[in-house]
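Notes follow the structure.
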Amino acid sequence: MSLFQSVFEITTLGYLSLSEPSIYSSLYPSNFQPLRTANIWSSDSREMDVKPQLYKFSSLAQYDPSESIEPEPELEPETIKIFVRQIEVTGSTVFNAEDFDPIVKSFEGRELTIEELREVADEITQLYINRGYITSIARPVSQTIENGVIEIRITEGRLSNIEIEGTRRLNSSYIRSRIELGADVPLNVQKLEDQLRLLRINPLFNNVEASLRPGGEVGESILIVRVEEARRFYGGINIDNYSPPSVGGERTGISLGFQNVTGLGDEVSGSYSRSTTGGTDVYDFAYRVPINAKDGTILLRVSPNRNRVTQDPFEELDIRGTQARYELAYRQPIIRNPREELAFSLSFAIQNGQTFVFEDVPRPFVIGPDEDGNSRTRVIKLGQDYLKRDSEGSWSLRSQFNFGIDVFEATVNDSPIPDSRFFSWLGQVQRVQLVDQNNLIIVRGDLQLSADSLLPAEQFVIGGGKSVRGYRQNLRTGDNGFRFSIEDRITVKRNSAGDPIMQISPF
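Residue numbering for the sequence shown follows the numbering used here, starting at 30 and increasing by one per position.
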């Protein structure tokens, strides 16, 4: 069943595809929220993550490498002039001789005072500083001058130690390993600040501050990092209409979470929602743990639920269904900084469902499940995510390849009847555009393609608050489909922390 024509007719209607915290953190990263239900890799989840604040760690930029305790070597008196035929710059792993030529060539082939040699060294030091290497320093060395060749030696900056203050429960290695990603030799303050900015928006922290101090040797620095850990427990309640009318369109729910359970930055979360008619109960439990400094994470998710038709006149038939989803996922960012992120993910999902009539009589209601109403899928998912941030908003791109396989008693039927053996591709693109501080334009497109007939759990869905607003939940489903939306989001009220608490959407 194709949805192309149906979806095209309603392209001007908006829908909410990201959670509220995710959209607003793209532009106001101080409001960054922890992952709540940990379902970022599920087939029906559409969250695309954040634009962190470009926080300026001013104490890093103000570092003066000349404050090192090692004195500059004594040279000849200032009044003596030396004929300089050539200036050799040594010790650089960043620049080559051609990079230094614009500086040194104007001083070669003439007599120079020691002060002028220091001027050459200062200009070379400034070249490093302009490229972000603020702890590197160039100095003329005490030497015996032969054939008019003068050596200026560069001591490239490095961190001799990272001191972490303020941790309570979190293992300090969590912080240190991430900072070390930006602590190459020579030390580049821009790369270092990138890692500090990423820590600052990490939901494990309320605040992160840092400063550089001179170390015991020339070019060495000590980084002092002061952190304030966030509350470990969080929770919330919700009321929405994200449920099909057949089981009760309105629902209430609660979500709870506990982060940094073991001191490794891990998180356990759970949620429960129930429709007002009692027609649906949905549970979602997840555990997520980071496994490397680039925030590669492993996710384990379990989501059982039950449904019962409560809509007249079908309520008398006692139609009900059960479903359980189990998922193991690994996500690894390859590029990660405050301006962009590229990540790949691999997951394996098991989903079992069964439907009944007259309370306990097994029966299928669509083509695909077996005669007892059982539907079982086992899916390998390969995902690619890219996020690009700019001063006016962010771009989010996502691609996901789904491979249904015949393992663990998966549903198998003769072609063309849908079963667990399939291939599909889902592509998504989103632009969040900042009009002003209280106005966002969200443009979104989704496309699913499959040459196979799909079981209901893997089909493309439109309708409802997270898809096409103004139409009931799960209005249309199909193997292939696309949707496009434009939404205007206007904030009319914020709380004391600056978080939006009331918005309107004209379209």
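Idealized CB from N, CA, C, for every residue including glycine.
Exercise. How about the region 417-426 and the region 444-455: do they share at least three Cβ pairs that are nearer than 8 Å?
Worked result: Contact between the region 417-426 and the region 444-455 is absent: fewer than three C-beta pairs spanning the two stretches fall below 8 Å.
Exercise. For LEU241, which of ASN190, SER202 and GLN532 has the nearest alpha-carbon?
Worked result: Cα-wise, what sits closest to LEU241 is ASN190.
Exercise. Can you tell me where the alpha helix (DSSP H) with SER202 in it begins and where it stops?
Worked result: Per DSSP, SER202 belongs to the alpha helix (DSSP H) from 201-209.
Exercise. Using 8 Å as the threshold, is the region 126-143 in touch with the region 183-198, meaning 3 or more CB pairs across them?
Worked result: No, they do not touch.
Exercise. Mind pulling the beta strand (DSSP E) runs of 3 or more residues that sit fully within the region 447-496?
Worked result: Restricting attention to beta strand (DSSP E) runs no shorter than 3 residues, the region 447-496 encloses them at 451-465, 468-479 and 489-491, ordered along the chain.
Exercise. Taking the beta strand (DSSP E) that GLY411 falls in, what are its first and last residues?
Worked result: At residue 411 the sequence reads Leu, which differs from the Gly that was named. Per DSSP, the continuous beta strand (DSSP E) segment holding LEU411 begins and ends at 403-419.
Exercise. What are the boundary residues of the beta strand (DSSP E) that VAL133 is part of?
Worked result: Premise fails: VAL133 lies in the alpha helix (DSSP H), 126-133, not in any beta strand (DSSP E).
For this session: Compare the Cα-Cα distances from THR291 to each of LEU228, SER201, GLU249 and ARG354 and report the closest residue.
Result: For THR291, the closest alpha carbon among the candidates LEU228, SER201, GLU249 and ARG354 is that of SER201.
Exercise. Using the rule of at least 16 other Cβ atoms within 10 Å of the residue's Cβ for burial, across every protein chain shown, is SER514 buried or exposed?
Worked result: By the neighbour-count rule (16 or more Cβ atoms within 10 Å), SER514 is buried.
Problem set entry | Residues sharing a beta bridge with ARG139, DSSP | In the DSSP assignment, ARG139 is bridged to VAL113.
Problem set entry | Environment of LEU216 [buried if 16+ CB atoms lie within 10 Å] | It is buried - the Cβ of LEU216 has at least 16 other Cβ atoms within 10 Å.
For this session: Mind the definition here: the region 171-179 touches the region 109-129 only if three or more C-beta pairs lie below 8 Å; say whether that holds.
Result: The region 171-179 vs the region 109-129: in contact.
Problem set entry | Close-in-space but distant-in-sequence residues of the same chain around SER383 (CB under 6 Å, 5 per side omitted) | According to the sequence as given, residue 383 is Gln; it is not Ser. Here the set comprises THR351, GLY402 and ASN403.
Problem set entry | Span of the beta strand (DSSP E) around LYS522 | Segment 510-523, the beta strand (DSSP E) holding LYS522.
Exercise. What is the rounded straight-line gap between the Cα of THR520 and the Cα of ASP419?
Worked result: Pairing THR520 with ASP419, the inter-Cα distance amounts to about 21 Å.
Exercise. With 16 other CB atoms within 10 Å as the buried threshold, where does ILE204 fall?
Worked result: Counting Cβ neighbours within 10 Å, ILE204 comes out buried, since at least 16 surround it.
For this session: Please determine, among ASP223, SER479, VAL247 and GLU257, the residue with the shortest C-alpha to C-alpha distance to VAL237.
Result: Here the closest residue by C-alpha is GLU257.
Problem set entry | Three or more C-beta pairs below 8 Å linking the region 331-351 and the region 365-379 | Put simply, the region 331-351 does not touch the region 365-379. Fewer than three CB pairs are less than 8 Å apart.
Exercise. Can you give the beta carbon distance from LYS410 to GLN429, rounded, assuming they're within the 8 Å contact cut?
Worked result: The C-beta distance from LYS410 to GLN429 rounds to 6 Å, short enough to meet the 8 Å contact threshold.
Exercise. Going along the chain, which residues of its own chain have a beta-carbon closer than 7 Å to the beta-carbon of ASP269, five neighbours each way excluded?
Worked result: The residues are ARG280 and GLY494.
For this session: Determine the extent of the alpha helix (DSSP H) in which GLU258 is found, giving its start and end residues.
Result: Element bounds for GLU258: not the alpha helix (DSSP H) but the beta strand (DSSP E), 249-258.
For this session: Could you check which residue in PHE129, MET531, LYS417 and TYR271 has the C-alpha nearest to that of VAL458?
Result: Checking every option, the nearest Cα to that of VAL458 belongs to LYS417.
Exercise. In terms of residue numbering, what span does the alpha helix (DSSP H) encompassing LEU375 cover?
Worked result: Unbroken run through LEU375 is the beta strand (DSSP E), 369-386; no alpha helix (DSSP H).
For this session: Out of PRO273, GLU222 and ARG405, state which residue places its alpha-carbon closest to the alpha-carbon of ALA486.
Result: Of the candidates PRO273, GLU222 and ARG405, the one whose C-alpha sits nearest the C-alpha of ALA486 is ARG405.
Exercise. So what does TYR355 bridge to, in DSSP terms?
Worked result: Answer by DSSP bridge pairing, in chain order: VAL331 and ILE379.
Exercise. Under three-state DSSP, which class holds ALA150?
Worked result: In the structure shown, ALA150 adopts helical secondary structure according to DSSP, grouped into three states.
For this session: Measure the CB-CB distance between GLY282 and SER302 and report whether it falls below 7 Å.
Result: A distance below 7 Å separates the beta carbons of GLY282 and SER302.
Exercise. Nearest to PRO169 by alpha carbon, out of GLU145, ARG160 and GLN155?
Worked result: Per the Cα distances, GLU145.
Problem set entry | Host beta strand (DSSP E) of LEU426 (start-end) | Here the beta strand (DSSP E) through LEU426 covers 422-433.
For this session: Return the residue from the list ASN431, TYR157, PRO391 and ASP414 that minimises the CA-CA distance to VAL408.
Result: Nearest C-alpha to VAL408: ASN431.
Exercise. Which one of LEU210, ASP528, ILE530 and GLN477 has the shortest CA to CA distance from PHE511?
Worked result: Taking PHE511 as reference, the option from LEU210, ASP528, ILE530 and GLN477 with the minimal CA-CA separation is GLN477.
For this session: Would you kindly check if the distance between the Cβ of THR326 and the Cβ of SER272 is under 7 Å?
Result: No, the pair does not count as a contact, with Cβ atoms beyond the cut-off.
Exercise. Roughly how many angstroms separate the alpha carbons of PRO362 and ALA322, rounded to a whole number?
Worked result: Taking C-alpha positions only, PRO362 is separated from ALA322 by approximately 10 Å.
Problem set entry | ALA593 to GLU246 span [Cα, whole Å] | Lying outside 30 to 536, the shown extent of the chain, residue 593 is not represented and no answer is given.
Exercise. Is ASP313 buried or exposed, if buried means 16 or more other CB atoms sit within 10 Å of its CB?
Worked result: The residue in question, ASP313, is buried, as its Cβ has 16 or more Cβ neighbours within 10 Å.
Exercise. What's the gap between the Cα of LEU375 and the Cα of GLY244?
Worked result: So the two alpha carbons sit approximately 43 Å from each other.
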